[in-house]
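In our numbering, the protein residues as written are 6 to 152.
Backbone N, C-alpha and C define an ideal beta-carbon position, used for all residues, glycine too.
This is the structure we're talking about:
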């Protein structure tokens, strides 16, 4: 029974990692549309952008909880190097996510804002966040021995 529970946790963990990372790739074409859209389209694109960020945040919660349960019920300890590195990057990504998207998205409705600059900032933020997520994924999959 424990083995089945552990395997289900791994499945949930992997699925939540996919949902945490995958939707960000949809945002690249959306950012391009933010530059040239009219006000009605802009609201729809901004809503979609916010939805994707919210979806990935909530799947991130599932990812963290399932990760904690995996460590508690599995063979790894909190002192394992790849777990420590994953946690460090996780905290960095949380700090980054808190400031990366919402403030910039709000500026799209402000007067005299350059949409191209805002879109470029969003594009850069998406790439930074994806790189952080992929680094965490590498540590979880590769489980490198660092020290």
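Asked	Found
Taking residue 40 as part of the alpha helix (DSSP H), name the residues at either end of that continuous run.	32 to 41
Between residue 50 and residue 38, which are expected to be in contact by the criterion C-beta below 8 angstroms, what is the C-beta distance as a whole number of angstroms?	5 angstroms
Determine the contact status of residue 36 and residue 86, defining contact as a CB-CB distance below 8 angstroms.	no
Can you tell me whether residue 114 is helix, strand or coil according to DSSP?	coil
Just to confirm, are residue 131 and residue 68 a CB contact at a threshold of 8 angstroms?	no
Short of 6 angstroms in beta carbon distance, which residues of its chain neighbour residue 148, apart from the five on each side in sequence? Order them along the chain.	87
At 4 residues or longer, and completely inside the region 116 to 145: list those alpha helix (DSSP H) runs for me, N to C.	none
For residue 148, which three-state DSSP category applies?	coil
Within the continuous alpha helix (DSSP H) that includes residue 81, where are the two ends?	Neither: residue 81 is in no alpha helix (DSSP H) and is coded neither H nor E.
So what does DSSP say about residue 106, is it helix, strand or coil?	coil
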